[in-house]
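> Numbered according to the UniProt record's numbering, the first sequence spans residues 1 to 620.
Backbone N, C-alpha and C fix where the C-beta goes; we use that ideal spot for every residue, glycine too.
The model shown is predicted, which means the values in this text are computed figures rather than measured ones.
Starting off with a structure, shown below.
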Amino acid sequence: MRRAFTACFSSNAICDKGFLGFLRHGTPALTTTSSSCRVITLLRLHSLSQSPTCRNPNHTPNHLSELQQLLLEKSRVGFDEPDDALRVFDKMLRMKPLPSVMDFTQLLTALVKMKHYSVAVSVFSKMCYFSIPVNIVTYSIVINCCSHLKRVDYGFALLAAIFKRGFVPDVVTYTTLVRGLVSQDKFLEAELMFKNLLEHNQIEPDAVIFNTIINGLCKTGNTSQAMRLLRYMEKTRCMPCVVTYSTVINSLSKDRLVDDALGLLAEMSDKGIQPDVVTYSSLIQGLCNLNRWDDITQLLKDMDRHKISSNKHTYSILVDAHAKDGKVRDAEYLIELMIRRGQNPNVVTYSALMDGYCLRGELDKAFALLRTMRNEGILPNTQTYTILINGYCKKMKVDTAIHLLKEMTLKGLTPTIETYNTILDGLFRARRLDEAQKFYRKMLNQGVKLDIVTCRILLHGLCWNGLAGEAMSVLHEMESCGLVPDIRIYSILIHGLFKDGKVDEARNLLHNVRLKGLHPDFISYNIMIQGFCQEGLLEEAYKILLEMEENNCLPNEVTYNTLIRGCFKNKMYDGACVLIDEMCAHGFKADASTTSMLFDLLQSKEQDPALLAMQKKFMP
DNA sequence: TTAGGGTTAG
């Protein structure tokens with residue numbers, strides 16, 4: 001196990017196909033599939049390419065104007081298949097005179113609309129090969145494709161080509177690159193590039209490039225800086241727009257600062273900037289996270305008043321919130337409602353409902369929903385399977401979960417680290433230790449990159465199965481591989497050590513936590529109190545209680561209940577009585593386990609004076 | 001100037 005762990009953390013080799021490999025990889029085979037629309041398209045183009053050519057520059061040949069109309073239409077609605085676009089491209093190559101740069105860029109746009117970014121890149125490379133004229137717009141489109149494919153490095157290679165060919169990149173070209181950097185978690189580089197462009201007057205910044213940077217700030221957790229940039233925009237010629245506000249509102253909502261977000265909404269209205277469905281959906285999401293149902297109703301009414309219709313996103317947010325809150329019937333009703341209002345649920349909507357079923361343990365319904373999705377032609381994705389796998393694992397049906405993992409892989413879906421973590425946890429919880437360790441090794445062999453959650457599951461699994469010693473060895477391995485354990489990892493281990501009766505080791509680890517300057521949280525403090533109580537070390541448990549108060553981590557209901565039960569167990573009824581009074585004074589209540597313990601004690605025949613006093617107090 | 005860039009959901 002330890003060796004396996006080391007192997008995982010030291011193997012970070014990345015397979016890089018390079019630009020050509022990437023092009024080859026991205027080029028689909030020019031074969032198979034047909035649809036009525038495609039046939040019509042091809043017939044039209046066939047007739048276009050057969051028609052006589054016209055070289056009069058003052059007169060657009062009929063076939064070209066037809067092509068332009070077709071491309072315009074396709075760039076609006078997209079082709080049915082990428083193959084269609086490629087066939088159109090081949091016909092265009094053979095046309096005389098050659099269609100214009102704009103015609104070719106419209107073809108690329110159509111591919112981008114269909115999200116066939118790698119196909120668009122390969123079309124571009126063919127254009128270069130056949131010396132088809134290109135311009136800065138063509139380059140910007142292709143850079144955008146590279147950004148979407150998370151290959152901003154190729155985007156920069158294209159920027160070099162732009163300079164080499166004497167074109168001048170404009171604000172759109174640079175915005176695309178900035179966005180590419182942001183989407184590849186290179187925000188600092190994006191910010192630096194933006195600042196340089198401004199300092200050297202390379203661009204006249206517009207709202208879009210500002211919004212891209214603001215979005216980057218939000219994504220990197222700098223919402224307050226994003227807010228400052230919004231304020232800065234107000235002082236410039238390009239004023240913040242609905243997208244600027246929506247981006248910041250979305251980020252504030254995610255940070256649980258929904259009241260600030262609502263403040264911005266009011267500000268927008270004051271300034272005459274109309275919020276749209278994205279603005280409202282972001283706010284609704286924030287309110288859902290805080291279960292502020294009344295405010296959500298209010299916002300939905302506001303949307304109605306302003307004639308802003310909910311879209312798939314809005315409904316999915318609402319379905320998810322209801323499902324997570326256990327209100328699956330309401331979630332089902334919302335899906336019915338969205339269908340009635342002409343919004344078809346998609347994989348996100350159904351997966352959210354499925355999560356609700358799984359949380360309630362209604363696995364039959366969750367599985368039936370998977371079938372419904374398939375019948376409706378909605379393909380379940382990795383997250384759908386992960387939700388279902390999680391549902392089965394929580395119900396200890398790990399074999400079904402593993403079967404689903406195989407099924408998703410066969411369907412060409414790539415499980416994520418969350419999928420693997422879920423199964424690993426399921427195996428440990430089902431106490432199928434050998435299989436868990438085997439599964440873990442398989443994860444490593446397949447090159448799955450572990451995260452801190454995997455480590456927690458592994459350590460928790462070992463501790464849960466009475467192998468705290470082994471878990472400690474894994475911890476040391478983790479540290480030697482450069483992974484910094486957090487307080488949750490230490491809590492798991494301290495819990496495990498106490499569980500195995502290794503009190504001295506638990507104490508040592510606790511000492512290490514303090515030495516490392518980590519701040520224990522409620523959970524870790526409560527674990528320690530429980531551990532000491534279990535061992536009859538009430539004095540040490542009480543010291544932890546005092547430490548909590550000193551460290552501004554005030555004891556909660558769990559703390560008091562744990563300590564009180566510890567007192568009962570160790571026949572320290574006086575102490576229990578004082579703690580009960582203190583707990584009540586703080587507005588906390590005895591939980592089910594403490595109450596039943598107290599009830600049993602009061603029923604007992606024990607003649608302890610403190611117990612008799614308690615009897616008088618609780619059963620007068 | 002009929003072609004290119006920015007915000008939301010599980």
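Counting C-beta neighbours from all protein chains within 10 Å, is the total for Tyr232 16 or more, i.e. buried, or is it exposed?
Numbered from its first residue, the first sequence carries residue 232 at position 232. Exposed.
> What are the boundary residues of the alpha helix (DSSP H) that includes Lys499?
Translated into positions along the first sequence, residue 499 becomes position 499. Looking at the DSSP string, the run of the alpha helix (DSSP H) that includes Lys499 is 487–499.
> Could you tell me the distance, in whole angstroms, from the CA atom of Asp103 to the CA atom of Ile132?
For the purposes of this step, residue 103 is taken as the residue at position 103 of the first sequence. For the purposes of this step, residue 132 is taken as the residue at position 132 of the first sequence. Spanning the two alpha carbons is a distance of roughly 11 Å.
> Taking the straight line between their C-alpha atoms, what separation do you get for Cys577 and Val277?
Looking up residue 577 in the first sequence gives position 577. Looking up residue 277 in the first sequence gives position 277. Their Cα atoms are separated by approximately 56 Å.
> From what residue to what residue does the alpha helix (DSSP H) around Met239 run?
Position 239 of the first sequence, counting from 1, holds the residue named residue 239. Per DSSP, Met239 belongs to no alpha helix (DSSP H) and is neither H nor E.
> Output the distance between the C-alpha atoms of Glu418 and His200, rounded to the nearest integer angstrom.
Numbered from 1 along the first sequence, position 418 holds the residue referred to as residue 418. Numbered from 1 along the first sequence, position 200 holds the residue referred to as residue 200. Going from the Cα of Glu418 to the Cα of His200 covers about 45 Å.
> Going by C-alpha to C-alpha distance, which of Thr279, Leu257, Gly466 sits closest to Leu265?
Your numbering for residue 265 matches position 265 in the first sequence. Nearest option by C-alpha distance: Thr279.
> Have a look at Asp504, Ser122, Asp434 and flag the residue whose alpha-carbon is nearest the alpha-carbon of Phe89.
Residue mapping note: residue 89 aligns to position 89 of the first sequence, counting from 1. That would be Ser122, whose Cα lies nearest to the Cα of Phe89.
> From which residue to which residue does the alpha helix (DSSP H) around Ile335 run?
Against the first sequence, residue 335 aligns to sequence position 335. Counting along the chain, the alpha helix (DSSP H) containing Ile335 begins and ends at 328–340.
> Which residues bound the alpha helix (DSSP H) around residue 638?
Here the chain has residues from 1 to 620 only, and residue 638 is not among them.
> For Met396, count neighbouring C-beta atoms within 10 Å of its own C-beta (all shown protein chains included) and say buried if the count is 16 or more, exposed if not.
Counted from its first residue, the first sequence places residue 396 at position 396. Answer is exposed; the Cβ neighbour count stays below 16.
> Could you spell out where the alpha helix (DSSP H) holding Val348 opens and where it closes?
On the first sequence, residue 348 is found 348 positions in, with the first residue counted as 1. From DSSP, the alpha helix (DSSP H) with Val348 extends over 347–359.
> How long is the line joining the alpha carbons of His511 and Ala468, rounded to whole angstroms?
As a working note, residue 511 is residue 511 in the first sequence. As a working note, residue 468 is residue 468 in the first sequence. Spanning the two alpha carbons is a distance of roughly 17 Å.
> Helix, strand or coil: which one does DSSP assign to Pro82?
To locate residue 82, count along the first sequence from 1; it is residue 82. It is helical.
> How is residue 621 classed by DSSP in three states: helix, strand or coil?
Because residue 621 is not part of the residues shown, which for the chain are 1 to 620, the question remains open.
> Can you tell me which of the three DSSP states Glu204 falls into?
Residue mapping note: residue 204 aligns to position 204 of the first sequence, counting from 1. Glu204: coil per DSSP, three-state reduction.
> Take Arg360 and list the residues in its own chain whose beta-carbon comes closer than 8 Å to its own, dropping the five residues that flank it on each side.
One-based indexing of the first sequence puts residue 360 at position 360. Counting only Cβ-Cβ distances below 8 Å, and skipping sequence neighbours, we find Gly326, Val328.
> With a CB to CB cut of under 7 Å and the five nearest residues on each side skipped, what residues in its chain are close to Leu601?
As a position in the first sequence, residue 601 is number 601, starting the count at 1. So the qualifying residues of the chain are Phe568, Leu611.
> Enumerate in chain order the residues of its own chain whose CB-to-CB distance from Gly356 is below 6 Å, with the five nearest sequence positions on each side excluded.
For this step, residue 356 is matched to residue 356 along the first sequence. Closer than 6 Å at the Cβ level, and outside the excluded window around Gly356, lie Ala323, Val328, Ala331.
> In angstroms with no decimal places, state the Cα-to-Cα distance between Tyr117 and Tyr392.
Numbered from 1 along the first sequence, position 117 holds the residue referred to as residue 117. Numbered from 1 along the first sequence, position 392 holds the residue referred to as residue 392. Taking the straight line from one Cα to the other gives about 36 Å.
> Which residues mark the beginning and the end of the alpha helix (DSSP H) in which Ser473 is found?
Locating residue 473 in the first sequence gives position 473, where the first residue counts as 1. Unbroken alpha helix (DSSP H) run through Ser473: 468–480.
> Quick one: any contact between the stretch 160–170 and the stretch 188–195, if contact means 3 or more CB pairs under 8 Å?
As far as the Cβ criterion goes, the stretch 160–170 does not touch the stretch 188–195, which means the pair count is below three.
> Output the distance between the C-alpha atoms of Pro82 and Thr105, rounded to the nearest integer angstrom.
Locating residue 82 in the first sequence gives position 82, counting from the first residue. Locating residue 105 in the first sequence gives position 105, counting from the first residue. Spanning the two alpha carbons is a distance of roughly 15 Å.
> Give me, in chain order, the residues of the same chain whose beta-carbon lies closer than 7 Å to that of Asn390; leave out the 5 immediate sequence neighbours on both sides.
For the purposes of this step, residue 390 is taken as the residue at position 390 of the first sequence. So the list reads Cys358, Thr422, once near-sequence residues are dropped.
> How far does the alpha helix (DSSP H) with Lys438 in it reach, from first residue to last?
What you label residue 438 is simply residue 438 of the first sequence in a count that begins at 1. Lys438 -> alpha helix (DSSP H) spans 433–445.
> Quick check: the Cα distance between Ile141 and Asp364, rounded to an integer number of angstroms?
Residue numbering aside, residue 141 sits at position 141 when the first sequence is read from its first letter. Residue numbering aside, residue 364 sits at position 364 when the first sequence is read from its first letter. Computed Cα separation, rounded: 46 Å.
> Do Ile494 and Ile527 have their C-beta atoms closer together than 9 Å?
Indexing the first sequence from 1 puts residue 494 at position 494. Indexing the first sequence from 1 puts residue 527 at position 527. Contact flag set, yes.
> Out of curiosity, what's the CA-to-CA distance linking Thr454 and Phe588?
The count along the first sequence starts at 1 and reaches residue 454 at position 454. The count along the first sequence starts at 1 and reaches residue 588 at position 588. Going from the Cα of Thr454 to the Cα of Phe588 covers about 35 Å.
> Relative to the C-alpha of Leu427, which residue among Thr414, Trp464, Lys406, Thr223 is closest?
Residue mapping note: residue 427 aligns to position 427 of the first sequence, counting from 1. Answer by Cα proximity: Trp464.
> Under the three-state reduction of DSSP, which class applies to His313: helix, strand or coil?
By one-based count along the first sequence, residue 313 stands at place 313. Correct three-state label for His313: helix.
> Determine the direct distance from the alpha carbon of Gln202 to that of Cys128, and round the result to whole angstroms.
The residue labelled residue 128 in the question sits at position 128 within the first sequence. The residue labelled residue 202 in the question sits at position 202 within the first sequence. For Cys128 and Gln202, the distance between alpha carbons rounds to 27 Å.
> Helix, strand or coil for Ser47? Go by DSSP, reduced to three states.
Your numbering for residue 47 matches position 47 in the first sequence. With a pLDDT of only 33 at Ser47, under 50, the local geometry of the prediction cannot be trusted, and the value read off the model is given with reservation. Correct three-state label for Ser47: helix.
> With C-beta atoms as the reference, is Ile452 less than 9 Å away from Asp486?
On the first sequence, position 452 is the one that residue 452 refers to. On the first sequence, position 486 is the one that residue 486 refers to. Cβ atoms of Ile452 and Asp486: closer than 9 Å.
> Among the candidates Gly342, Lys394, Pro240, whose CA atom is the shortest distance from the CA of Ile214?
Taking the first sequence and counting its residues from 1, one reaches residue 214 at position 214. The option with the nearest alpha carbon to Ile214 is Pro240.
> How would you call Ala13, buried or exposed, if buried means at least 16 neighbouring beta carbons within 10 angstroms?
Position 13 of the first sequence, counted from the start, is the residue given in the question as residue 13. With a pLDDT of only 23 at Ala13, under 50, the local geometry of the prediction cannot be trusted, and the value read off the model is given with reservation. Classification for Ala13: exposed.
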